[in-house]
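Novice: Heads up: the sequence shown runs through residues 5 to 213, numbered per the working numbering.
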Amino acid sequence: MPQVTVFDHPLMQHKISFLRDVNTGSKQFRELTGEIAALMGFEALRDLPLEEVEITTPIATAKVRRLAGRKIVLVPVLRAGLGMVGGLLSLVPSARVGHIGLYRDDETLEPHAYYCKLPAHMEDRQILVLDPMLATGGSAAAAVDFIKAHGGRKIKFLSIIAAPEGLERLRTAHPDIDIFCGCLDERLNEAGYIVPGLGDAGDRIFGTK
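1) Quick check on the DSSP output: the alpha helix (DSSP H) that includes H18 runs from which residue to which?
2) Assuming L95 and F161 form a contact by the criterion Cβ under 8 Å, report the distance between their Cβ atoms to the nearest whole angstrom.
3) With 16 as the cutoff for other CB atoms within 10 Å, does S98 come out buried or exposed?
4) My output table needs one value for E56: the three-state DSSP class, helix, strand or coil.
5) Residues in the same chain with beta-carbon distance under 8 Å from S30, minus the five sequence neighbours each way, listed in chain order, please.
6) To the nearest angstrom, how far is the alpha carbon of V57 from that of A66?
7) Could you tell me whether the region 108-116 touches the region 63-77, where touching means 3 or more Cβ pairs closer than 8 Å?
8) Name the two residues that bound the continuous alpha helix (DSSP H) containing R50.
9) By alpha-carbon positions, which one of E127, F22, D135, A42 ends up nearest to K152?
10) Put P62 into one of helix, strand or coil per three-state DSSP.
11) Within this structure, are the beta carbons of R182 and Q7 separated by less than 9 Å?
12) In the DSSP assignment, what are the bridge partners of H103?
13) Thinking just about the alpha-carbon of each residue, which of S163, T37, Q17, A195 is nearest to the one in G90?
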(Lines of atoms letter the chains of each structure in order from A and count residues from 1; the text may use other names and numbers.)
(Lines give C-alpha, C1' and ligand atoms only; values in the text may rest on other atoms or scores of the structure.)
Protein backbone atom coordinates (compact mmCIF):
# COMPACT_ATOMS: atom_id res chain seq x y z
CA MET A 1 0.00 0.00 0.00
CA PRO A 2 1.58 3.35 -1.04
CA GLN A 3 2.42 5.58 1.89
CA VAL A 4 3.84 8.95 2.90
CA THR A 5 6.86 8.90 5.23
CA VAL A 6 7.93 12.08 7.04
CA PHE A 7 11.26 11.46 8.74
CA ASP A 8 11.83 12.31 12.39
CA HIS A 9 15.41 11.06 12.74
CA PRO A 10 17.48 13.47 14.88
CA LEU A 11 20.45 13.47 12.49
CA MET A 12 18.24 14.39 9.56
CA GLN A 13 16.49 17.17 11.45
CA HIS A 14 19.86 18.51 12.59
CA LYS A 15 21.20 18.63 9.03
CA ILE A 16 18.01 20.19 7.65
CA SER A 17 18.28 22.97 10.22
CA PHE A 18 21.53 24.07 8.55
CA LEU A 19 19.96 23.86 5.09
CA ARG A 20 17.34 26.35 6.25
CA ASP A 21 19.88 28.80 7.66
CA VAL A 22 20.42 31.80 5.38
CA ASN A 23 24.07 31.88 6.51
CA THR A 24 24.85 28.41 5.13
CA GLY A 25 27.05 28.76 2.03
CA SER A 26 26.80 26.79 -1.21
CA LYS A 27 29.60 24.33 -0.40
CA GLN A 28 28.06 23.28 2.91
CA PHE A 29 24.57 23.35 1.40
CA ARG A 30 25.62 20.91 -1.34
CA GLU A 31 27.31 18.59 1.15
CA LEU A 32 24.31 18.57 3.47
CA THR A 33 21.90 17.92 0.60
CA GLY A 34 23.87 14.83 -0.37
CA GLU A 35 24.11 13.60 3.22
CA ILE A 36 20.38 14.02 3.79
CA ALA A 37 19.60 12.24 0.52
CA ALA A 38 21.72 9.29 1.64
CA LEU A 39 19.87 9.10 4.97
CA MET A 40 16.55 9.17 3.12
CA GLY A 41 17.68 6.57 0.63
CA PHE A 42 18.68 4.15 3.36
CA GLU A 43 15.03 3.96 4.44
CA ALA A 44 13.41 4.37 1.02
CA LEU A 45 15.37 1.37 -0.33
CA ARG A 46 14.55 -0.88 2.62
CA ASP A 47 12.36 -3.18 0.49
CA LEU A 48 14.81 -3.87 -2.35
CA PRO A 49 14.69 -7.51 -3.49
CA LEU A 50 17.62 -9.78 -2.67
CA GLU A 51 18.92 -13.03 -4.10
CA GLU A 52 21.15 -15.67 -2.51
CA VAL A 53 24.59 -16.29 -3.98
CA GLU A 54 27.53 -18.40 -2.85
CA ILE A 55 30.94 -16.81 -2.27
CA THR A 56 34.24 -17.81 -0.73
CA THR A 57 35.45 -15.92 2.33
CA PRO A 58 39.05 -16.21 3.58
CA ILE A 59 37.74 -18.92 5.93
CA ALA A 60 35.03 -20.89 4.09
CA THR A 61 32.29 -20.80 1.49
CA ALA A 62 29.16 -18.90 2.50
CA LYS A 63 25.73 -18.14 1.16
CA VAL A 64 25.10 -14.39 1.17
CA ARG A 65 22.43 -12.07 -0.12
CA ARG A 66 22.90 -9.45 -2.83
CA LEU A 67 20.59 -7.08 -4.68
CA ALA A 68 18.50 -8.81 -7.33
CA GLY A 69 16.98 -7.58 -10.56
CA ARG A 70 17.80 -4.64 -12.80
CA LYS A 71 19.75 -1.66 -11.54
CA ILE A 72 18.02 1.14 -9.63
CA VAL A 73 17.32 4.38 -11.49
CA LEU A 74 17.74 7.80 -9.90
CA VAL A 75 15.80 10.56 -11.66
CA PRO A 76 16.66 14.05 -10.43
CA VAL A 77 14.30 16.83 -11.45
CA LEU A 78 16.63 19.45 -12.92
CA ARG A 79 18.29 21.30 -11.62
CA ALA A 80 17.92 21.14 -7.84
CA GLY A 81 17.45 17.35 -7.85
CA LEU A 82 21.06 16.97 -8.97
CA GLY A 83 22.12 17.90 -5.44
CA MET A 84 20.63 14.65 -4.12
CA VAL A 85 22.22 12.29 -6.66
CA GLY A 86 25.68 11.99 -5.09
CA GLY A 87 24.34 10.95 -1.71
CA LEU A 88 22.26 8.17 -3.21
CA LEU A 89 25.06 6.99 -5.49
CA SER A 90 27.17 6.58 -2.35
CA LEU A 91 24.62 3.92 -1.30
CA VAL A 92 24.10 2.31 -4.72
CA PRO A 93 27.08 3.17 -6.98
CA SER A 94 25.73 0.97 -9.79
CA ALA A 95 22.45 2.90 -10.10
CA ARG A 96 21.54 4.39 -13.46
CA VAL A 97 20.74 8.11 -13.59
CA GLY A 98 18.04 9.65 -15.78
CA HIS A 99 17.17 13.33 -15.99
CA ILE A 100 13.95 15.31 -16.29
CA GLY A 101 14.13 19.06 -16.91
CA LEU A 102 11.19 21.16 -15.75
CA TYR A 103 10.82 24.84 -15.00
CA ARG A 104 7.97 26.62 -13.24
CA ASP A 105 6.11 29.50 -14.81
CA ASP A 106 6.44 32.42 -12.39
CA GLU A 107 2.87 33.58 -13.07
CA THR A 108 0.85 30.37 -13.31
CA LEU A 109 3.21 28.29 -11.11
CA GLU A 110 2.65 25.41 -13.55
CA PRO A 111 5.56 23.24 -14.80
CA HIS A 112 6.94 23.19 -18.35
CA ALA A 113 9.21 20.42 -19.62
CA TYR A 114 12.38 21.08 -21.61
CA TYR A 115 14.32 17.79 -21.27
CA CYS A 116 13.75 14.10 -20.58
CA LYS A 117 16.36 11.34 -20.85
CA LEU A 118 15.73 8.01 -19.11
CA PRO A 119 17.40 4.55 -19.18
CA ALA A 120 15.87 1.61 -21.03
CA HIS A 121 13.67 -1.01 -19.36
CA MET A 122 12.12 1.41 -16.90
CA GLU A 123 9.27 -1.02 -16.31
CA ASP A 124 11.61 -3.45 -14.52
CA ARG A 125 13.47 -0.97 -12.32
CA GLN A 126 13.02 0.63 -8.91
CA ILE A 127 12.90 4.36 -9.63
CA LEU A 128 13.65 7.17 -7.18
CA VAL A 129 12.51 10.62 -8.27
CA LEU A 130 14.59 13.32 -6.56
CA ASP A 131 13.64 16.92 -5.87
CA PRO A 132 14.68 18.73 -2.67
CA MET A 133 11.50 20.84 -2.60
CA LEU A 134 7.93 19.60 -3.01
CA ALA A 135 6.20 22.98 -3.24
CA THR A 136 3.11 23.26 -5.47
CA GLY A 137 3.51 19.63 -6.54
CA GLY A 138 3.16 20.49 -10.22
CA SER A 139 6.71 19.60 -11.22
CA ALA A 140 6.67 16.45 -9.08
CA ALA A 141 3.43 15.21 -10.64
CA ALA A 142 4.68 16.05 -14.14
CA ALA A 143 7.97 14.21 -13.55
CA VAL A 144 6.11 11.07 -12.48
CA ASP A 145 3.86 11.45 -15.55
CA PHE A 146 6.95 11.35 -17.78
CA ILE A 147 8.34 8.30 -16.02
CA LYS A 148 5.07 6.41 -16.29
CA ALA A 149 4.87 7.34 -19.99
CA HIS A 150 8.26 5.63 -20.38
CA GLY A 151 7.00 2.47 -18.68
CA GLY A 152 8.05 3.16 -15.09
CA ARG A 153 5.90 1.42 -12.49
CA LYS A 154 7.91 1.05 -9.26
CA ILE A 155 8.29 4.72 -8.35
CA LYS A 156 9.23 6.49 -5.12
CA PHE A 157 9.49 10.25 -4.67
CA LEU A 158 12.10 11.76 -2.32
CA SER A 159 11.91 15.37 -1.17
CA ILE A 160 13.81 17.06 1.65
CA ILE A 161 11.12 19.66 2.42
CA ALA A 162 7.45 19.51 1.40
CA ALA A 163 4.47 21.82 1.65
CA PRO A 164 1.05 20.33 2.48
CA GLU A 165 -0.35 21.68 -0.81
CA GLY A 166 2.32 19.97 -2.89
CA LEU A 167 2.09 16.73 -0.99
CA GLU A 168 -1.67 16.61 -1.50
CA ARG A 169 -1.38 17.38 -5.21
CA LEU A 170 1.20 14.64 -5.77
CA ARG A 171 -0.81 12.11 -3.76
CA THR A 172 -3.96 12.95 -5.71
CA ALA A 173 -2.23 12.75 -9.11
CA HIS A 174 -0.28 9.56 -8.28
CA PRO A 175 -1.83 7.65 -5.39
CA ASP A 176 0.20 4.56 -6.35
CA ILE A 177 3.67 5.87 -5.38
CA ASP A 178 5.48 6.09 -2.05
CA ILE A 179 6.55 9.58 -0.95
CA PHE A 180 9.41 10.32 1.46
CA CYS A 181 9.87 13.79 3.00
CA GLY A 182 12.52 15.08 5.36
CA CYS A 183 10.14 17.73 6.78
CA LEU A 184 6.54 18.77 6.19
CA ASP A 185 6.39 22.56 6.47
CA GLU A 186 3.54 24.96 7.18
CA ARG A 187 2.31 26.20 3.79
CA LEU A 188 3.08 27.92 0.50
CA ASN A 189 3.26 31.70 0.28
CA GLU A 190 1.66 33.76 -2.50
CA ALA A 191 4.77 33.30 -4.68
CA GLY A 192 4.61 29.51 -4.37
CA TYR A 193 7.59 29.18 -2.00
CA ILE A 194 7.50 26.86 1.01
CA VAL A 195 7.22 28.57 4.41
CA PRO A 196 9.50 28.51 6.37
CA GLY A 197 11.37 26.47 3.74
CA LEU A 198 14.92 27.29 2.72
CA GLY A 199 14.55 29.53 -0.32
CA ASP A 200 15.43 28.36 -3.84
CA ALA A 201 17.27 25.05 -3.48
CA GLY A 202 18.77 25.19 -6.97
CA ASP A 203 20.24 28.65 -6.42
CA ARG A 204 21.65 27.65 -3.05
CA ILE A 205 23.15 24.39 -4.33
CA PHE A 206 24.83 25.99 -7.33
CA GLY A 207 25.55 29.44 -5.92
CA THR A 208 23.64 31.25 -8.63
CA LYS A 209 21.91 33.81 -6.45
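Quick reminder that beta carbons are idealized off the backbone N, C-alpha and C, glycines included.
Specialist: With the structure as the only source:
1) The residue given as residue 18 occupies position 14 in the sequence shown. For H18, the uninterrupted alpha helix (DSSP H) segment begins and ends at 14-24.
2) As a position in the sequence shown, residue 95 is number 91, starting the count at 1. As a position in the sequence shown, residue 161 is number 157, starting the count at 1. Not confirmed; about 17 Å, so no contact.
3) Stepping through the sequence shown from its first residue, residue 98 is reached at position 94. Per the 10 Å Cβ criterion, exposed.
4) Working through the sequence shown from its first residue, we reach residue 56 at position 52. Secondary structure of E56 (DSSP, three-state): strand.
5) Locating residue 30 in the sequence shown gives position 26, where the first residue counts as 1. By the criterion of a C-beta distance shorter than 8 Å, S30 is surrounded in its chain by R208, I209, F210, G211, once the five residues flanking it on both sides are discounted.
6) The residue labelled residue 57 in the question sits at position 53 within the sequence shown. The residue labelled residue 66 in the question sits at position 62 within the sequence shown. Using only the alpha carbons, I get a separation of about 8 Å.
7) The count of Cβ pairs closer than 8 Å, one atom from the region 108-116 and one from the region 63-77, stays below three, leaving the stretches out of contact.
8) Taking the first residue of the sequence shown as position 1, residue 50 is located at position 46. For R50, no alpha helix (DSSP H) run applies, since DSSP gives it neither H nor E.
9) Residue 152 sits at position 148 when you count from the first residue of the sequence shown. Taking only the C-alpha atoms, the option nearest K152 is E127.
10) Translated into the one-based positions of the sequence shown, residue 62 becomes position 58. The answer is coil: DSSP assigns P62 none of H, G, I, E or B.
11) Against the sequence shown, residue 182 aligns to sequence position 178. Against the sequence shown, residue 7 aligns to sequence position 3. For clarity, residue 182 is Asp in the given sequence; the question names Arg instead. Yes, these two residues count as a Cβ contact at 9 Å.
12) Here residue 103 is taken as the residue at index 99 of the sequence shown, counted from 1. DSSP links H103 through a beta bridge to K121.
13) Working through the sequence shown from its first residue, we reach residue 90 at position 86. Residue T37 is the option with its Cα nearest to G90.
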